[in-house]
Structures are given as structure tokens and as C-alpha cells.
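Data first, discussion second: the structure below is written as C-alpha cells.
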Amino acid sequence: MRPKQPTAGPQEDLFRARLQNLVDPRHALVRLAGLIDWRRFEAEFGALYTDCGRPGLPTRLMVGLHLLKHMDRLSDEAVCARYLDSPYVQLFCGETFFQDALPLERSSLTRWRQRIGAERLGVLLAESLAATRRSGAVEDKHLQRVTIDTTVQPKAVTHPTDSKLLHRGIEILARLARRHGIQLRQSYLRVARRARREAAKLIHSGRPRQAERQVRQLRTWLGRLARDIGRKIVGSAAIQAALAGPLGLVARLLRQRREDRGRDKLYSLHAPEVECIGKGKAQARYEFGVKVSLATTNAAAPGGQFVLGARALPGNPYDGHTLAEQIAQTERITGIEIERAYVDRGYRGHDADKSRVFISGQKRSITPTIRRERRRRSAIEPVIGHLKSEGHLGRNFLRGTEGDTINVVLAAVGHNLRLLRAWLACLLACLLSRLTSAHQLRETPAQALSRLKNP
1 MRPKQPTAGP QEDLFRARLQ NLVDPRHALV RLAGLIDWRR FEAEFGALYT DCGRPGLPTR
61 LMVGLHLLKH MDRLSDEAVC ARYLDSPYVQ LFCGETFFQD ALPLERSSLT RWRQRIGAER
121 LGVLLAESLA ATRRSGAVED KHLQRVTIDT TVQPKAVTHP TDSKLLHRGI EILARLARRH
181 GIQLRQSYLR VARRARREAA KLIHSGRPRQ AERQVRQLRT WLGRLARDIG RKIVGSAAIQ
241 AALAGPLGLV ARLLRQRRED RGRDKLYSLH APEVECIGKG KAQARYEFGV KVSLATTNAA
301 APGGQFVLGA RALPGNPYDG HTLAEQIAQT ERITGIEIER AYVDRGYRGH DADKSRVFIS
361 GQKRSITPTI RRERRRRSAI EPVIGHLKSE GHLGRNFLRG TEGDTINVVL AAVGHNLRLL
421 RAWLACLLAC LLSRLTSAHQ LRETPAQALS RLKNP
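All residue numbers for the sequence shown refer to the UniProt record's numbering, where the first residue is 1 and numbers rise by one.
What follows is the structure, given as C-alpha cells:
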């Protein structure tokens, strides 16, 4: 059913005070809530609900919790706990009176993300940029020149090793067999745990050939376990359907070898979409996740450097083959045509309009203005660092390729709102400082006369 709508004129409560009378109206979060057009979300997401069934949770509540989560790098549980503690958070989420009980379960955030999807969540990014333009933190001219780059969004997986993956496969199959009442010939749990431990010790002590024996033993045990389960579920369509996915992943794991490359290689059993990407970093030679593309403002706007577009790129495509779509997405979100886009040398041979794309080291068609703006191309790297250290781009906990895209978009929204919140706080501090200085300089005639008599 459609989400609950707030009443047009809430009745006064004799025993409760309104939140707007309890909080400081100069607080950055209160001012930020006034800049966001909350009705836009209700209009965009309303088509996803039906007219029958249990009423859904208010759209402003769900959007507000997700914005706060990615602004302050919180988990779903932590943002729900903060909702109960702070009246500013409740006012930001659309409450009229202070609530002492949580109006939702933590899992409601997950189901809401799945219902909205990655494509429609781009509305949050567009509205964050619209709020920055209303506040004066960014102007239209700053959205016409952008910097585009790619990075890696790591997944919440451990560093993959053969012994770890094989042992994990044995644990998963043994647990599924116990759940479905399948009597196994042998579960191999105890010996597999010891073999994985021995393989790690041997690798650490510099004896890879002895460690390879333990890995081969683990591979043999996993194959036996998979074949044993496959034989005993023949004739049971329900159990075969339930175990088709795990058995398929185990078969894929048993086929792959260390020297294999490409998308078919499996690095995690609970996240098979994870890819191995090497970006040439000295501290992290390989990263396990998905490649993402980001577009930011090139010139330093008054409020900072904002993210204008964000996309997940499954399959680890070549950077140049993603540039045209990234420019199109940025123009679709901002509603302003891009005049110049600055990229690094990894985009050579790109698929975009060459007249408005400028690569580092390019010699032709370079004016002094373009040369000056191109020097700011590397300013996107600190933005990526802030997205990873202060946002959720550094470790993605959402499941599947859809979760990768959702996390990228929400991380970009959180970065923009962090900058906007800091801009509003700084603006207020400057205004109060100016007012204080003016008040100190203003004197009454009696004060002036007293100062003249007693210098």
C-alpha cells in the first residue's frame, strides 16, 4: 500500500511540544532539511506502491534515514539508534513530535532499497545537487566543467585464497545438508578446518609446495561432498531447487585454477559478482570489488567539490569505453550540458565527443584557460579518498550487482550533503561573526561621551 502521508494540520498536544520549538533553527541539519524538496521523492517513488495492503512507511522517513546514514558513515542499526537519540534527526526525517519508539525495523531499510532500485535512487543525487544550488554552495557554471575518473569499490569480503574458499565451500554444503535432513557419508568439517590452518602456516613459513598438498586435499574433500549430496537429492525436486545455486558455485570453484583470469573466476562464495581489479597502487596491488566511475566539479565551488555523477561498472571495462555514458548520466542528473570534461591518460581512445574531452598531456586545442583547469584534474583524488574514508565507498556491504550500484549512488549523495552541511555551518558562523563585530562597533551617545571623558 502507499506510504502514510502526514496530516495537513496536526492538532496541538497539551503535554508535548513540537520539535520545531525544541531545536535550534540555526542548526545545520535543520537548515539542510529546509533546502531539500521532500515532495519530489514522494512523486518519484509513488508509482512503486499499490493501493491495497498494509500502508508503507513514510517516504521522507526512509529517505532521511538513508541520507543520514551515508552522511555520517553509519550502519542501518546505528542510524536507527541515532533516530531515537536526536530530536534533530527526527525533525530531519519529518516528525512533528519527539518519538520514543522506533517506527520501523532495521530490515525495513533493506527492503526499501530493494523496492526503489538503483535507477530511481539517482533522484537523491539530483536533489542533493539541487539543494546545493538553492543554498548558493554551487553555481550553474561549476556544473559545466567536470572531472571524471574511475576507482574501485571494495566488497565486504576477506582476501581470497584457495584454502579459504575450499574450506568455506565445505562449511556451506555441510550446513545445507543438515538443514534439509541429508545424511552425509562424511562432512569433512573437522579435517578441513585443520587442513586450512596448516596451509596458512606453511604459506607463512615459506613452504608453498607443502601448502599445495593441503589445498589439493581440501579440493578432493569438497568434490566428494558435492557428489555425495548430488546423489542423495535425486528425485526430490524441492531440495534440488534449493541447492542448485550453492552446488553450481561449488562446481565453478572446483573447475577454476590459480592461473585462470576473467569474470568467470570466483573470489567469494557469498558474493560471486566480486572481481579482481588492479589499479597500480603500491599499498594495494589488487582490490576485490567492482570498478566505479565518478564525475565531480572541476572548479572549486564556494561549498567545495561536489559529485555530479556516479556509476558502477561491472565487468571491469576499459575506462575510455565508459566515458560517453558517464557524461550522459551527469547531464541527465544536473540538467546542464557539459562543456569540458577532464580525464587522465587512461581514457585515451575514448568513445565520447573529442571536442569537449581533454586528456592529461594533450597538446592540441589547449588554451591557457583549459591548461589552468586541467591542472585541477588531480583534485578528484581527494574526493575519492573522502568517499572511501568518510563514506561507504571504501567497503560495500550491500548484496549483488544491484547493491554495488545503490551503494555508489548513496555514497555520492552522502558526500554532497556533508559538504552542504559544512557550508551551512560555516555560513552561519561567518554571519554571526559579522553581526557581533557590527554590534561591538555600535555605541550610544552616552557611551561615546563616557569614553571621551575617561580615555
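A virtual CB, placed ideally from N, CA and C, is assigned to each residue, including glycine.
Check                                                                                                                                                                               : Outcome
Measuring alpha carbon to alpha carbon, tell me which of Arg-399, Cys-426, Arg-134, Ile-239 ends up nearest Leu-269.                                                                : Arg-399
So what does DSSP say about Ser-187, is it helix, strand or coil?                                                                                                                   : coil
Pro-314: which of Val-146, Lys-155, Phe-98, Leu-124 sits nearest, CA to CA?                                                                                                         : Lys-155
Give the single residue among Arg-190, Gln-305, Ala-282, Val-152 whose Cα lies nearest to the Cα of Thr-405.                                                                        : Val-152
Just how far apart, CA to CA, sit Ala-425 and Leu-165?                                                                                                                              : 49 Å
Between the C-alpha atoms of Arg-376 and Arg-111, what's the straight-line distance to the nearest angstrom?                                                                        : 40 Å
Within 8 Å, do at least three Cβ pairs link the segment 184–196 to the segment 242–256?                                                                                             : no
How long is the line joining the alpha carbons of Asn-316 and Thr-150, rounded to whole angstroms?                                                                                  : 10 Å
Within a Cβ cutoff of 6 Å, which residues of the same chain sit near Leu-387, ignoring the five residues on either side of it in sequence?                                          : Leu-393, Ala-411, His-415
Could you tell me the distance, in whole angstroms, from the CA atom of Leu-449 to the CA atom of Ser-86?                                                                           : Its pLDDT being 43, under 50, Leu-449 is placed unreliably by the model, and nothing is read from it.
Are the beta-carbon atoms belonging to Tyr-88 and Leu-35 less than 7 Å from one another?                                                                                            : no
Do Gly-349 and residue 460 have their beta-carbon atoms positioned less than 7 Å apart in this structure?                                                                           : Because the chain is modelled from 1 through 455, residue 460 falls outside the range shown and cannot be assessed.
Can you tell me where the beta strand (DSSP E) holding Ser-293 begins and where it ends?                                                                                            : 287–297
What residue does the alpha helix (DSSP H) around Val-274 start on, and which one ends it?                                                                                          : Careful: Val-274 lies outside any alpha helix (DSSP H) and carries neither H nor E.
Can you tell me the Cα-Cα spacing of Ala-237 and Leu-143, whole angstroms?                                                                                                          : 56 Å
Rounded to a whole number of angstroms, what is the C-alpha to C-alpha distance between Glu-119 and Arg-190?                                                                        : 46 Å
Residues bridged to Asn-396 by DSSP?                                                                                                                                                : Lys-155
Since Ala-310 is in the beta strand (DSSP E), which residue starts that stretch and which ends it?                                                                                  : 307–313
Can you tell me whether Asp-149 is helix, strand or coil according to DSSP?                                                                                                         : strand
Could you please give the first and the last residue of the uninterrupted beta strand (DSSP E) stretch that includes Phe-358?                                                       : 357–359
Secondary structure at Gly-56, three-state DSSP: helix, strand or coil?                                                                                                             : strand
Per DSSP, Pro-3 is paired with what?                                                                                                                                                : Gly-56
Does DSSP put Phe-41 in a helix, in a strand, or in coil?                                                                                                                           : helix
Can you tell me whether DSSP reads Phe-15 as helix, strand or coil?                                                                                                                 : coil
When the Cα of Leu-109 is compared with those of Phe-97, Gln-99, Cys-80, Ser-365, which residue comes out closest?                                                                  : Cys-80
Is Arg-26 helix, strand or coil by DSSP?                                                                                                                                            : coil
Determine the extent of the alpha helix (DSSP H) in which Val-123 is found, giving its start and end residues.                                                                      : 122–135
Short of 8 Å in beta carbon distance, which residues of its chain neighbour Lys-453, apart from the five on each side in sequence? Order them along the chain.                      : Reliability of the predicted coordinates at Lys-453 is poor, the pLDDT of 40 falling under 50, and no value is obtained from them.
Can you check the UniProt domain "Transposase DDE" (362–419) for any alpha helix (DSSP H) of at least 4 residues that lies completely inside it and give the ranges in chain order? : 368–374, 380–389
Quick check on DSSP: helix, strand or coil for Val-215?                                                                                                                             : helix
State yes or no: is the C-beta of Glu-273 within less than 7 Å of the C-beta of Thr-401?                                                                                            : yes
Per DSSP, what are the beta-bridge partners of Arg-340 in this structure?                                                                                                           : Arg-145
Could you check if Lys-141 is buried or exposed, using at least 16 other CB atoms within 10 Å of its CB as the buried criterion?                                                    : exposed
Measuring straight from C-alpha to C-alpha, what distance separates Gln-20 and Leu-247?                                                                                             : 56 Å
Going by DSSP, what residue range makes up the alpha helix (DSSP H) through residue 457?                                                                                            : Only positions 1 to 455 of the chain appear in this structure, which leaves residue 457 out of reach.
Less than 7 Å between the beta carbons of Thr-322 and Ser-360, yes or no?                                                                                                           : no
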